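**Student:** One structure coming up, written as structure tokens, with questions to follow.
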Amino acid sequence: MNHQISPLTNAIKRSLPAVSAGISCLVLSVGLASAAQADWPEDPIEIIVPFDAGGSADRMARGLAEHMSPRLEVPISIVNRPGGAGALGATYFQQQAADGQTLLVMQATPYLASAIEVGGAPVEWEDFQLLSAQWNDYGIVAVHNDSPYHSLEELIEAMRESGEVSSGIIVGNGGHLQTLVLMDALDIEHDNVRFVTYSGGAPLRAALAGNQVDFEILAAEAALSISDEVRALAVVNDEPSDNWDAPLFNDEMQQLGIEPLPLIGGNVTGLIAHASLQEEHPERYQRLLQVYQETLESDEFQAWASEAGIGADWVSPEDSQALVDEAYRAVQQYAPLLQ
């Protein structure tokens, strides 16, 4: 029996060498990219912390260094560059090459935003990329256990009376800004509340625990240290809290006829890279993301973070940046009042 080969079959046969060559080029290209990714890093990496040693950002950075170093197979050192409420360290970070060899750990919300808009750091928000909102220490509206205010609505009514209530703040922090956003949405004059300023989180919490101020909007997990002395009127987050039995802040706003407000009452901390790293060194960017995610999701890091009281969530870079971008816009709006 004679078998005739169709023109289509001949055309396919003729095209096979070209297809094979194309596949070979693709495999070679992928292989080269994978090799480039595997080759980086060869030199030690630095993580800049723009605060003194011992704080939450410093402890997070040291935990990441300890657990990411074996995966990257290079040493990772922590460099503390405090000053200007984070402005000096953030500026130093941006002065380094955007090659992945220098990273930053700080609270993108609110301290990086405040360093730029309030502290005048000579850098741009768009030059930073938060790789993961690893620790979203959301806020709570809290009062002392002996407070006469048993709901957010009752507190708001008292805020309408000039001088009736006081609030502890760190100037420009998330709680301060959230309070101003709340008051503006409700057409309450800022001068109605007596703001009492503190230099750090510990004295801020001590003031509320000692019933020295009427209310504070403060980071929820940090406030667990005074949970026996205070109670929450609202949770400043998109999801209910496992630790604080209180309604969601924006649900309470909706009951008052107010559209959802930006949620900036807490701190969002994570590993930050130069925004240009992804474009200039895509293979390094992908390698860094891979190792960061693997580290956060590993059993040993989860155990360490639980023991250390540090957040350990993997959130995509896109979702992480969107979260802090909203807060940054609020900081921009209120920066003139804080300078």
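What the sequence shown shows, in mature numbering (1 follows the signal peptide of the UniProt record, and there is no 0), is residues -38 to -1, 1 to 301, in sequence order. Just so it is clear, CB atoms sit at the ideal spot from N, CA and C, and this is done for glycine as well. If you're wondering where the values come from, they're calculated on a predicted model, not measured in any experiment.
Determine the direct distance from the alpha carbon of Gly62 to that of Ala(-4), and round the result to whole angstroms.
**Tutor:** Caution is warranted here: a pLDDT of 49 is assigned to Ala(-4), below 50, making its placement in the model unreliable, and the coordinate value is therefore given only provisionally. One C-alpha to the other measures close to 17 Å.
**Student:** Just list the residues that DSSP pairs Thr141 with in beta bridges.
**Tutor:** None; Thr141 has no bridge partner.
**Student:** Which residue or residues does DSSP assign as beta-bridge partners of Thr159?
**Tutor:** Answer is Ile131, bridged to Thr159.
**Student:** Excluding sequence positions up to five away, which residues of its chain have a Cβ less than 6 Å from the Cβ of Glu214?
**Tutor:** Same-chain partners within the cutoff: Leu114, Ala196.
**Student:** Quick one: is Ser161 buried, meaning 16 or more other Cβ sit within 10 Å of its Cβ, or exposed?
**Tutor:** Burial call: exposed.
**Student:** Need the endpoints of the alpha helix (DSSP H) that Phe55 sits in, please.
**Tutor:** Segment 49 to 57, the alpha helix (DSSP H) holding Phe55.
**Student:** What whole-angstrom Cβ distance do Ile179 and Gly219 have, given they're in contact under 8 Å?
**Tutor:** With a Cβ gap of about 21 Å, Ile179 and Gly219 do not count as contacting.
**Student:** Going by Cα to Cα distance, which pick from Trp2, Met22, Glu79, Ser18 is closest to Gln294?
**Tutor:** Measuring from the Cα of Gln294, the nearest candidate turns out to be Glu79.
**Student:** Looking at C-alpha atoms only, which residue of Phe55, Ile118, Thr71 is the closest neighbour of Arg291?
**Tutor:** Of the candidates Phe55, Ile118, Thr71, the one whose C-alpha sits nearest the C-alpha of Arg291 is Thr71.
**Student:** Return the residue from the list Trp2, Met30, Gln91 that minimises the CA-CA distance to Ser280.
**Tutor:** Rather than Ser, the amino acid found at residue 280 in this sequence is Glu. Nearest of Trp2, Met30, Gln91 to Glu280, Cα basis: Gln91.
**Student:** Out of Arg193, Leu300, Val155, point me to the one whose CA is closest to residue 318's CA.
**Tutor:** Absent from the model: residue 318. The displayed extent of the chain is -38 to 301, so no value can be given.
**Student:** Once you ignore the five residues that flank Glu242 on each side, which residues in its own chain have a CB closer than 7 Å to its CB?
**Tutor:** The answer, listed in chain order, is Ala60.
**Student:** What number of angstroms, rounded off, separates the C-alpha of Pro209 from the C-alpha of His112?
**Tutor:** When rounded, the distance between both Cα atoms is 12 Å.
**Student:** Using only the alpha-carbon positions, how far apart do Asp146 and Tyr296 sit?
**Tutor:** Going by the C-alpha atoms only, they are around 11 Å apart.
**Student:** Apart from the five residues on each side of it in sequence, which residues of its chain come closer than 6 Å, Cβ to Cβ, to Asn98?
**Tutor:** Once the five neighbours on either side are set aside, the close Cβ partners of Asn98 are Val230.
**Student:** Between the alpha carbons of Glu259 and Asp275, how many angstroms are there, rounded?
**Tutor:** For Glu259 and Asp275, the distance between alpha carbons rounds to 8 Å.
**Student:** With a 10 Å radius around its C-beta and 16 neighbouring C-beta atoms as the bar for buried, classify Asp190 as buried or exposed.
**Tutor:** By the neighbour-count rule (16 or more Cβ atoms within 10 Å), Asp190 is not buried but exposed.
**Student:** What is the rounded straight-line gap between the Cα of Asp149 and the Cα of Arg33?
**Tutor:** So the two alpha carbons sit approximately 52 Å from each other.
**Student:** Near Glu183, which residues of its chain fall below 6 Å by C-beta distance, leaving aside the five closest residues on each side in sequence?
**Tutor:** Answer for Glu183: Asp99, listed in chain order.
**Student:** Taking the C-alpha atoms as reference points, what is the distance between Leu170 and Glu126?
**Tutor:** Leu170 and Glu126: Cα-Cα distance of roughly 16 Å.
**Student:** Going by the CB atoms, is the gap between His29 and Phe263 shorter than 8 Å?
**Tutor:** Yes, the pair counts as a contact, with Cβ atoms nearer than the cut-off.
**Student:** Taking the beta strand (DSSP E) that Val175 belongs to, which residues open and close that run?
**Tutor:** Per DSSP, Val175 belongs to no beta strand (DSSP E) and is neither H nor E.
**Student:** Verify whether the separation of the beta carbon atoms of Gly271 and Ala181 is less than 8 Å.
**Tutor:** Cβ distance not < 8 Å, so Gly271 and Ala181 don't count as in contact.
**Student:** Could you please give the first and the last residue of the uninterrupted beta strand (DSSP E) stretch that includes residue 303?
**Tutor:** With the chain represented from -38 up to 301, any question about residue 303 goes unanswered, as that position is not in the structure.
**Student:** Who are Asn42's beta bridge partners in DSSP?
**Tutor:** DSSP output for Asn42 lists Val11 as bridge partner(s).
**Student:** From this set, Arg43, Glu86, Gln248, which residue's C-alpha is nearest Asp287's C-alpha?
**Tutor:** The shortest Cα separation from Asp287 among Arg43, Glu86, Gln248 belongs to Glu86.
**Student:** Once the 5 residues before and after Leu300 are set aside, which same chain residues still bring their CB inside 7 Å of it?
**Tutor:** Val80, Val133, Gly134, listed in sequence order.
**Student:** Roughly how many whole angstroms lie between the Cα atoms of Ser238 and Val105?
**Tutor:** Whole-angstrom Cα-Cα distance: 43 Å.
**Student:** Would you mind working out which of Glu269, Ile234, Ser18, Ala289 sits nearest Ser278, comparing C-alpha positions?
**Tutor:** Nearest C-alpha to Ser278: Ile234.
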